Amino acid sequence: MDERIEGEVKEKTPLNFLERIIEDDLANNRVPGNTIVTRFPPEPNGYLHIGHIKSICLNFGLAQAYQGRCHLRLDDTNPEKEDVEYIESIKRDIRWLGFDWGPYEYHASDYYQQLYEIAVRLIKEGKAFVDSLSAEEMKEYRGTLTEVGKNSPYRDRSIEENLALFEEMRQGRHPEGSLVLRAKIDMSSPNINLRDPVLYRIKFASHPRTGDTWCIYPMYDFTHPISDAIEGITHSICTLEFEDHRPAYDWATSIDGIEHAPHQYEFARLNINYLVMSKRRLLNLVKLGIVDGWDDPRMPTISGIRRRGYSPESMKDFVSRIGVAKVESVVDYSLLEFCVREDLNKRAERLMVVLDPIKLVIDNYPEDTVEYFEAVNNPEDPQSAVHQIPFTRELYIEREDFMEIPPKGYHRLYPGNEIRLKYAYYVTATSLVKDDAGNVVEVHCTYDPLSRGGSTPDNRKVKGTSHWVSATQGVNIEARLYDKLFATEYPGESTGNYLDDLNPESLQVIKDAKAEPEILRAKVGDYLQFIRNGYFCVDCKDSTTDHPVFNRTVTLKDSWAKLKQKMGI
RNA sequence: UGGGAUGUAGUGUAAUGGUAACACUGCAGAUUCUGGUUCUGCCUUUGGGGGUUCGAAUCCCUCCAUCCCAGCCA
Numbered sequence: 009m010d011e012r013i014e015g016e017v018k019e020k021t022p023l024n025f026l027e028r029i030i031e032d033d034l035a036n037n038r039v040p041g042n043t044i045v046t047r048f049p050p051e052p053n054g055y056l057h058i059g060h061i062k063s064i065c066l067n068f069g070l071a072q073a074y075q076g077r078c079h080l081r082l083d084d085t086n087p088e089k090e091d092v093e094y095i096e097s098i099k100r101d102i103r104w105l106g107f108d109w110g111p112y113e114y115h116a117s118d119y120y121q122q123l124y125e126i127a128v129r130l131i132k133e134g135k136a137f138v139d140s141l142s143a144e145e146m147k148e149y150r151g152t153l154t155e156v157g158k159n160s161p162y163r164d165r166s167i168e169e170n171l172a173l174f175e176e177m178r179q180g181r182h183p184e185g186s187l188v189l190r191a192k193i194d195m196s197s198p199n200i201n202l203r204d205p206v207l208y209r210i211k212f213a214s215h216p217r218t219g220d221t222w223c224i225y226p227m228y229d230f231t232h233p234i235s236d237a238i239e240g241i242t243h244s245i246c247t248l249e250f251e252d253h254r255p256a257y258d259w260a261t262s263i264d265g266i267e268h269a270p271h272q273y274e275f276a277r278l279n280i281n282y283l284v285m286s287k288r289r290l291l292n293l294v295k296l297g298i299v300d301g302w303d304d305p306r307m308p309t310i311s312g313i314r315r316r317g318y319s320p321e322s323m324k325d326f327v328s329r330i331g332v333a334k335v336e337s338v339v340d341y342s343l344l345e346f347c348v349r350e351d352l353n354k355r356a357e358r359l360m361v362v363l364d365p366i367k368l369v370i371d372n373y374p375e376d377t378v379e380y381f382e383a384v385n386n387p388e389d390p391q392s393a394v395h396q397i398p399f400t401r402e403l404y405i406e407r408e409d410f411m412e413i414p415p416k417g418y419h420r421l422y423p424g425n426e427i428r429l430k431y432a433y434y435v436t437a438t439s440l441v442k443d444d445a446g447n448v449v450e451v452h453c454t455y456d457p458l459s460r461g462g463s464t465p466d467n468r469k470v471k472g473t474s475h476w477v478s479a480t481q482g483v484n485i486e487a488r489l490y491d492k493l494f495a496t497e498y499p500g501e502s503t504g505n506y507l508d509d510l511n512p513e514s515l516q517v518i519k520d521a522k523a524e525p526e527i528l529r530a531k532v533g534d535y536l537q538f539i540r541n542g543y544f545c546v547d548c549k550d551s552t553t554d555h556p557v558f559n560r561t562v563t564l565k566d567s568w569a570k571l572k573q574k575m576g577i
């Protein structure tokens, strides 16, 4: 990588600690073939969520940045929890983010035979033994955080006996839980992961890929490092909770016969305020039917946010902004919103839609006329196309855009006030119609024919502009509006419940949460809709594209809401 | 109370012995055919205490705080 050394084009973007390690390894010729090899190793026991995006971007991104490669490895060593549905969803989600593992798709289960042979070798070398202790007994023998453990009484079985028993385990001649294969390391180690860790356990579950070929399955601490070694991984990047496992990792990669010894590095996983981000809880939401499925737009899963209409670019931008470090941190939800908003602002096509309609009648506008106005699809995009919007005597405007008695500072429509109907005309409210309960049901106004197109010859200004939809030409749509992603609670509406478990009580909390979608019916003019304080998005599950014209709600910088509070509306 | 890690504005992340900075948030103001967008400005930071040094966020000592580990899960 000489270019990098010579290149004084030195980007100002600072390196994160992993990039520093890699550059240092490269500079000191510690990387075989000078090729960086990383891997993204999800267990196919659920759908990928936002937190995984960080890991994906890190592993694939690092490989990309240093012209190396990144393997996709499905860490499928626990058939009881894993499923092909998850495997497929994982691949789809990674591709959606724009990453490609090329031919490097692996499964930990590909290595079952090799792993088995290594285990047999360990037994022959006296470095592993078959233990007959029950799970409970093993726990007792393991000791505690502060007390050392003691050797299993079966630790000194002869090599022949171990070999025979392990073979019998493999043949399925022993019930689950009766025997395990353990490494002989050190029961007095202060690191519990080194107290003779279990290497193999018996499970008669059918594996998604290997079916019933095996009834003994290798454990993570044995499988992962060896899989990394087999694949020639140079930098094995995982989350902080595996720090304590690094000695076990190094133990496994130093087994005789394993030539390549990769290194494990840990970084802090992504946490976002208020977001539910554990697979267990997400699975619970799905199982209990609280959401439609893993791709429900309220889910913080990759498939969920895709259905919401978030773009992969915005997610990658988000990840690049949060950085990488070893400090356990909690990122503000507002940063996620910022990234999505910024991205959608550039790409989302605007359409006018009235969510909470109130009728506006233009008394001096001809009854049967339909006039068309041209609107830009996306004002932020110079190349944006336009579309035509029908304008008629009777319209709908947003209920919040009219007030009979306006507070100070309100500059939308109120009796006597003139505002602009976006793209169309200036109108002045003249009178209103109320129902028996005193609610305003209709607002009457007059328009200024000279203001056609949204401006007047005398150049007079209006302070307010409102979106609208033709009451007679508009289209009715039904959409589900979503606010934030599924969360335990939101700022300012603390429930004090962090959803430790999805018990009936916390279910109530979920239902109270803002994330619950509301069904709405809106009058829409000629496919349109509009965005006031950000983006309004509807579920785009049935849409033909990932980025439907308007897709759900990212919520927004709601300064109008704050102003309303100040004005006391 | 064993071991492993981590402490920089409200939140993240830089600065790797040489003027503490960037983004988000928040607060002001300007612009605006939507109170959005855009633009401008402002606020607030090295966990505490010692030490080394001309000079410490950075090195040393110590204290404190937080997180992880006792699955036949990953």
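In this note's numbering, the protein residues as written are 9 to 577.
Just so you know, even glycine gets a beta-carbon here, dropped at the ideal spot from N, CA and C.
Keep in mind the model is a prediction, meaning the values are calculated, not measured.
| Check | Outcome |
| --- | --- |
| Counting beta carbon pairs with one atom in the region 396 to 415 and one in the region 370 to 386, are three or more of them shorter than 8 Å? | yes |
| For H232, write down the residues that DSSP places opposite it in a beta bridge. | DSSP, once it has assigned bridges, lists no residue as partnering H232. |
| With DSSP collapsed to three states, give me the class of K574. | helix |
| Going straight from the alpha carbon of E239 to that of A269, what length do you get? | 11 Å |
| Bridge partners of C453, per DSSP? | I370, A437 |
| Short of 6 Å in beta carbon distance, which residues of its chain neighbour S117, apart from the five on each side in sequence? Order them along the chain. | D84, R217, T218 |
| Can you give the Cα-Cα distance for R203 and N53, rounded to whole angstroms? | 27 Å |
| When the Cα atoms are used, what is the spatial distance from L283 to W109? | 29 Å |
| Please indicate yes or no: does the CB of S186 lie closer than 8 Å to some heavy atom of the ligand PLP? | The ligand PLP is not among the ligands present in this structure, which contains no ligands whatsoever. |
| Among all the DSSP beta bridges, which residues are the ones paired with F107? | The partner list for F107 (beta bridge, DSSP) is empty, contrary to what the question assumes. |
| Nearest-angstrom Cα distance between G482 and R460? | 20 Å |
| For the beta strand (DSSP E) containing Y114, name the first residue and the last one. | 113 to 115 |
| N292 and A256: beta carbons closer than 9 Å? | no |
| Could you tell me which residues DSSP puts in a beta bridge with I30? | Note: I30 sits in no beta bridge, so no partner. |
| Restricting to Cα atoms, I'd like to know which of G265, L34, F48 is closest to N42. | L34 |
| Beta-carbon separation of D303 and K354 under 9 Å? | no |
| Where does L167 land, buried or exposed, given buried means 16+ other C-beta within 10 angstroms? | Reading off the sequence shown, one finds Ile at residue 167, where the question assumed Leu. Its Cβ having fewer than 16 others within 10 Å, I167 is exposed. |
| CA-CA distance, E148 and G157? | 8 Å |
| Which residues mark the beginning and the end of the beta strand (DSSP E) in which P601 is found? | Residue numbering for the chain in the displayed model covers 9 to 577; residue 601 lies beyond these limits and cannot be assessed. |
| Let me know the beta strand (DSSP E) ranges lying completely inside the region 237 to 311, each 3 residues or longer, listed in chain order. | 243 to 247, 271 to 275 |
| What span of residues does the alpha helix (DSSP H) with H57 cover, start to end? | Counting along the chain, H57 falls outside any alpha helix (DSSP H), and DSSP gives it neither H nor E. |
| Check the C-beta distance from A213 over to P87 and give it rounded, since I have them as a contact under 8 Å. | 4 Å |
| What residue ranges within the region 306 to 370 form continuous alpha helix (DSSP H) runs of no fewer than 4 residues, ordered along the chain? | 310 to 316, 320 to 330, 341 to 355 |
| Which residues in the same chain as K139 place their Cβ atom closer than 6 Å to its Cβ, once the five residues preceding and following it in sequence are excluded? | Residue identity differs from the one stated: residue 139 is Asp in this sequence, not Lys. These residues qualify, in order along the chain: S160, Y162, V188, R190. |
| Looking only at its own chain, which residues have a Cβ that is under 7 Å from the Cβ of P320, when we skip the five neighbours before and after it? | W104, L105, G106 |
| With DSSP run on the structure shown, which of helix, strand or coil describes S186? | coil |
| DSSP beta-bridge partners for A495? | L283 |
| Kindly indicate which residue of R407, C453, I58 has the alpha-carbon position closest to the one of P625. | Outside the displayed range of the chain (9 to 577) lies residue 625, so it cannot be described from this structure. |
| Which of the three DSSP states, helix, strand or coil, is assigned to E90? | coil |
| Compute the Euclidean distance between the alpha carbons of W222 and I95, then round it to the nearest angstrom. | 20 Å |
| Could you tell me the distance, in whole angstroms, from the CA atom of D164 to the CA atom of I102? | 47 Å |
| Taking the alpha helix (DSSP H) that R150 falls in, what are its first and last residues? | 143 to 150 |
| Put W222 into one of helix, strand or coil per three-state DSSP. | coil |
| Ignore the nearest five residues each way along the sequence and tell me which others in L123's own chain have a CB closer than 8 Å to its CB. | P226, F230, T231, I234 |
| Using only the alpha-carbon positions, how far apart do A569 and V362 sit? | 17 Å |
| Taking 8 Å as the limit between beta carbons, can you name the residues of its chain near M411, skipping five residues before and five after? | Y418, R420, L421, Y422, I577 |
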